[in-house]
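Chains as they are written, first to last, in this note's numbering: chain A, 494 to 642; chain B, 46 to 146; chain C, 87 to 592. Written out below as structure tokens is the structure these notes cover.
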Amino acid sequence: MCMRFKLPNVTEMNDWIAIGALALVGVLIPLGMMAVSYLLRPSVPETSKRATYESGEIPTGDTRVRFNIQYYMVALLFLIFDIETVLLFPWAVVYLDAVESDAVSLLEILGPMVLFVTILLVGLAWAWRKGAVQWAQTPRQVETEHNRP
Amino acid sequence: MTVGVEHYVLLSMALFAIGLFGILTRRNALMFLMSVELMLNAANINLIAFAFYHGNLSGQVFALFTMALAAAEVAVGLGIILLLYRNFRDVDVTVPTTMRW
Amino acid sequence: MALLELPAWTTLAPALLLALTALVLFIIDSISPDAQNSGLLAGTTAAGSLASLGVAVWYLLAGVGTPTVDGGRGIIDVLGDQFVVDQLALFFMIIVAVVTALVAVASYDYMEDHTYQAEYYSLVLLAATGMSFMAAANSLVTIFIALELASLPSYALVSILKDNRGSVEGGLKYFLIGALSSAIFVYGISLVYGATGHLQLENIAAVIEAGEADPYGGLLGLGILMLIGGFAFKTASVPFHFWAPEAYEGAPAPISAFLSSASKAAGFVIAFRVFTEAFPVAETASAIGVDWTLAFIILAIVTMTLGNFAAATQNNVKRMLAYSSIGHAGYALIGLAGISAGGGELVMGAAMMHLFVYGFMNTGAFLFVALAEYWGVGRTFEDYNGLGRRAPVACFALAIFMFSLAGIPPLGGFWSKYFLFTGALEAGLIVVAAALVINSALSLYYYSRLVKAVWIEEPVTERDGLSQPVGLYAAIVVAAVMTLALLPLFGPVADTAVDAATAMLA
Numbered sequence: 494m495c496m497r498f499k500l501p502n503v504t505e506m507n508d509w510i511a512i513g514a515l516a517l518v519g520v521l522i523p524l525g526m527m528a529v530s531y532l533l534r535p536s537v538p539e540t541s542k543r544a545t546y547e548s549g550e551i552p553t554g555d556t557r558v559r560f561n562i563q564y565y566m567v568a569l570l571f572l573i574f575d576i577e578t579v580l581l582f583p584w585a586v587v588y589l590d591a592v593e594s595d596a597v598s599l600l601e602i603l604g605p606m607v608l609f610v611t612i613l614l615v616g617l618a619w620a621w622r623k624g625a626v627q628w629a630q631t632p633r634q635v636e637t638e639h640n641r642p
Numbered sequence: 046m047t048v049g050v051e052h053y054v055l056l057s058m059a060l061f062a063i064g065l066f067g068i069l070t071r072r073n074a075l076m077f078l079m080s081v082e083l084m085l086n087a088a089n090i091n092l093i094a095f096a097f098y099h100g101n102l103s104g105q106v107f108a109l110f111t112m113a114l115a116a117a118e119v120a121v122g123l124g125i126i127l128l129l130y131r132n133f134r135d136v137d138v139t140v141p142t143t144m145r146w
Numbered sequence: 087m088a089l090l091e092l093p094a095w096t097t098l099a100p101a102l103l104l105a106l107t108a109l110v111l112f113i114i115d116s117i118s119p120d121a122q123n124s125g126l127l128a129g130t131t132a133a134g135s136l137a138s139l140g141v142a143v144w145y146l147l148a149g150v151g152t153p154t155v156d157g158g159r160g161i162i163d164v165l166g167d168q169f170v171v172d173q174l175a176l177f178f179m180i181i182v183a184v185v186t187a188l189v190a191v192a193s194y195d196y197m198e199d200h201t202y203q204a205e206y207y208s209l210v211l212l213a214a215t216g217m218s219f220m221a222a223a224n225s226l227v228t229i230f231i232a233l234e235l236a237s238l239p240s241y242a243l244v245s246i247l248k249d250n251r252g253s254v255e256g257g258l259k260y261f262l263i264g265a266l267s268s269a270i271f272v273y274g275i276s277l278v279y280g281a282t283g284h285l286q287l288e289n290i291a292a293v294i295e296a297g298e299a300d301p302y303g304g305l306l307g308l309g310i311l312m313l314i315g316g317f318a319f320k321t322a323s324v325p326f327h328f329w330a331p332e333a334y335e336g337a338p339a340p341i342s343a344f345l346s347s348a349s350k351a352a353g354f355v356i357a358f359r360v361f362t363e364a365f366p367v368a369e370t371a372s373a374i375g376v377d378w379t380l381a382f383i384i385l386a387i388v389t390m391t392l393g394n395f396a397a398a399t400q401n402n403v404k405r406m407l408a409y410s411s412i413g414h415a416g417y418a419l420i421g422l423a424g425i426s427a428g429g430g431e432l433v434m435g436a437a438m439m440h441l442f443v444y445g446f447m448n449t450g451a452f453l454f455v456a457l458a459e460y461w462g463v464g465r466t467f468e469d470y471n472g473l474g475r476r477a478p479v480a481c482f483a484l485a486i487f488m489f490s491l492a493g494i495p496p497l498g499g500f501w502s503k504y505f506l507f508t509g510a511l512e513a514g515l516i517v518v519a520a521a522l523v524i525n526s527a528l529s530l531y532y533y534s535r536l537v538k539a540v541w542i543e544e545p546v547t548e549r550d551g552l553s554q555p556v557g558l559y560a561a562i563v564v565a566a567v568m569t570l571a572l573l574p575l576f577g578p579v580a581d582t583a584v585d586a587a588t589a590m591l592a
């Protein structure tokens, strides 16, 4: 773990001039296009143009939609597994080196990760059995299912 | 001009201060969570910048762990905020005062 | 000699057993998710924590972690020095395991009708795993991860009574302050890492001793200050103590016992380890320009005074115990305040003894509150009036806990405070020693007030006979017996504590 990173030498000003020029061009092109179209286009005010989706659906309600709380569970499970992949990363980096070296046996490099994933799987299995991914039913749905022969 | 480690520290301190400011001024529990995330990420910037500076990787690996823990913290926190909303019909952290402060 | 042939990681068995038991609980619950066999769950939890306790005691007796010069098997490093198993670690693993076992047994009755049994017990075990790992963590990385592993289940446990407003409010405040303090803590770690380039405690110390951190004195100082903030949260000391009264009052009483005993002890063990291993007093002082023990001297005095004065004004028994728990954190902080370049073994050992005795007497006191909540007698001192006639055994145990907490000789609480007092005097901290005496005298007032209410006062209302829940009674009686048994056993405990402290400071 004693690699030394070297900071790239960016003291020369030329690089920065190029970056600045690129940024300038990047801003000027859209602004220029907007300015040209503003000067050229005819002005025909009409109410239908102000609609959110011209000749499309008429939007209803607010942009702030409330999601069903049951998505919370799904999101939570996703979040856990999504983030745990981050912990696989340092392991994956050293994995090939460790396999090739004689100092570390395959069990020593593979074992901890298998254990880690196993623990996660036990958790997932538990959550599944507890019905975390099951869509809860409204009382009415439960009733109709209950009355079904 | 070189981007030295001190710039990263300044950036992370600014981020940390923003997070702290958010915690002290916002009453919404979700805003509070976001502010805490900012503070944790400020620490991550520090860790990675210092790992680069010192030339060892332990800081970078620790940053990965911090990210995972931050996610876990959010998961638990959202659950508690959900309970807060169910019991008090609000996510304002100053609302629950059934006990004397 | 069979012990030596085992791989080094097996020395972490006390913590690993707790984790394994938590997994077993998950599997049990996966097999029958709808069954409410709380006996099986509580029994498994208690068995797991007792196994952890047994292994830790066995290791300690077998000399694992004792330095080889003292005839032991040497301090054992695990996972490239990320963990270390020494006497300090085993000592605190024992405290955690004992408290977990008591809490599990008591919860059997307290959580009887609760919907989330398996979740409750596995969260308790996961938190205990975190605390046990905190005892052995030897690098800022593992310390932070173990700390979070202990904290996250605790947040959930405090607010597990989902429809109880107090529980949710306590959990929320605990979580908010916990999240804030962990953010501050990890930022402090990043600054210490920046100043020294290492996260492993001995390596940090080596850099500081070599004087290489001197140019970054400011960063290091700020980092240390932020680390103190993290410890203050976990140990419920000033300035991050606000959560404690709310969380302890709102939480189910066994959880209050768990947090105020085991969690506090675990917070102290990382504070002890970090400050003795990573920041040698004299060299750190020359790098940051100020002695870090100064911070602990101030914190100890402020914490114990604030805790005790606030406790004296309470009418709610649980809240009184919560504030008194803050006061006891102040006593234990003397252990860090008294460390100096050449000494401090006695005072640090005394703080460890205090946390050990506290593990029994405070857990017992909170479990009595759990019993009272189980009976539904009410929460204030008046509501407790005259309980002694109805439930003499439990109330006798309560008297033992209260007098031990107050530090009446010859109970265990007296001896640990006595050692703290002499240790503080030896370290030249006369103000701290005086504050300790004054606060102990004050604490006698509110502790004896509870005993008086239970034994002497006439009951406000006539009560029917009180039930005798087996689990709660068993836990309370065991805690009381252990508090008393510590009288003859205090010598060995004190020796172990001082040995562990000496090994740390050597």
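C-beta: ideal position from N, C-alpha, C; glycine also. Predicted, not measured: the structure shown is a model, and the values here were computed from it.
{"Check": "Partners in chain C for Val697 of chain A, counting only beta-carbon separations shorter than 8 angstroms", "Outcome": "Limits of chain A in this structure are 494 at one end and 642 at the other, which puts residue 697 of chain A out of reach."}
{"Check": "Ordered list of alpha helix (DSSP H) runs contained in the stretch 510-581 of chain C, each at least 4 residues", "Outcome": "516-541"}
{"Check": "Counterpart residues of Ile162 of chain C in DSSP-defined beta bridges", "Outcome": "C:Val171"}
{"Check": "Residue(s) in a DSSP beta bridge with Ala223 of chain C", "Outcome": "C:Phe169"}
{"Check": "Cutoff 9 angstroms: Phe112 of chain C Cβ touching any chain A Cβ", "Outcome": "yes"}
{"Check": "Pairwise C-alpha distance: Phe326 of chain C and Ala458 of chain C", "Outcome": "29 angstroms"}
{"Check": "Minimum C-alpha distance to Ala333 of chain C - residue among C:Phe271, C:Lys404 and C:Phe467", "Outcome": "C:Lys404"}
{"Check": "Ser529 of chain C classed as buried or exposed, judged by whether at least 16 other C-beta atoms fall within 10 angstroms", "Outcome": "buried"}
{"Check": "Residue burial classification, Gln627 of chain A (beta-carbon count within 10 angstroms, cutoff 16)", "Outcome": "exposed"}
{"Check": "Endpoints, the alpha helix (DSSP H) within which Tyr273 of chain C is located", "Outcome": "Arg251 to Thr282"}
{"Check": "Stretch pair the stretch 122-142 of chain C + the stretch 97-110 of chain C: three plus CB contacts closer than 8 angstroms", "Outcome": "yes"}
{"Check": "Proximity of Tyr533 of chain C and Met488 of chain C at Cβ, strictly below 9 angstroms", "Outcome": "yes"}
{"Check": "CB contact flag (Gly557 of chain C, Val210 of chain C, <9 angstroms)", "Outcome": "no"}
{"Check": "Distance CB(Ser346 of chain C)-CB(Ala357 of chain C) smaller than 9 angstroms", "Outcome": "no"}
{"Check": "Beta carbon of Val136 of chain B nearer than 9 angstroms to that of Leu129 of chain B", "Outcome": "yes"}
{"Check": "Residues within the stretch 116-149 of chain C neighbouring chain A, beta-carbon criterion of under 7 angstroms", "Outcome": "Ser116 and Pro119"}
{"Check": "Neighbour-count burial assignment, Lys542 of chain A, 16 or more Cβ in a 10 Å radius", "Outcome": "exposed"}
{"Check": "Rounded Cβ spacing between Leu536 of chain C and Tyr470 of chain C (contact assumed at less than 8 angstroms)", "Outcome": "7 angstroms"}
{"Check": "Proximity of His440 of chain C and Leu506 of chain C at Cβ, strictly below 9 angstroms", "Outcome": "yes"}
{"Check": "Cβ-Cβ distance between Val272 of chain C and Phe230 of chain C below 9 angstroms", "Outcome": "yes"}
{"Check": "Short CB-CB distance (under 9 angstroms) between Trp619 of chain A and chain C", "Outcome": "yes"}
{"Check": "Assigned secondary structure, Asn394 of chain C (DSSP; H/G/I helix, E/B strand, else coil)", "Outcome": "helix"}
{"Check": "C-alpha distance - Val586 of chain A paired with Leu85 of chain B, whole-angstrom precision", "Outcome": "25 angstroms"}
{"Check": "Distance between Phe95 of chain B and Gly336 of chain C (C-alpha atoms, nearest Å)", "Outcome": "42 angstroms"}
{"Check": "Rounded straight-line distance, which links the Cα of Ala351 of chain C to that of Ala527 of chain C", "Outcome": "24 angstroms"}
{"Check": "Paired residues, beta bridge with Thr466 of chain C - DSSP", "Outcome": "C:Asn402"}
{"Check": "Whole-angstrom distance between Ala74 of chain B and Gly104 of chain B, CA atom to CA atom", "Outcome": "30 angstroms"}
{"Check": "Length of the line joining the Cα atoms of Pro478 of chain C and Val140 of chain B", "Outcome": "41 angstroms"}
{"Check": "Cut-off 6 angstroms between Cβ atoms - residues of its own chain near Asn394 of chain C, not counting five sequence neighbours on either side", "Outcome": "Gly413, Asn525, Leu528 and Ser529"}
{"Check": "Alpha-carbon to alpha-carbon, Leu247 of chain C and Ile126 of chain B", "Outcome": "14 angstroms"}
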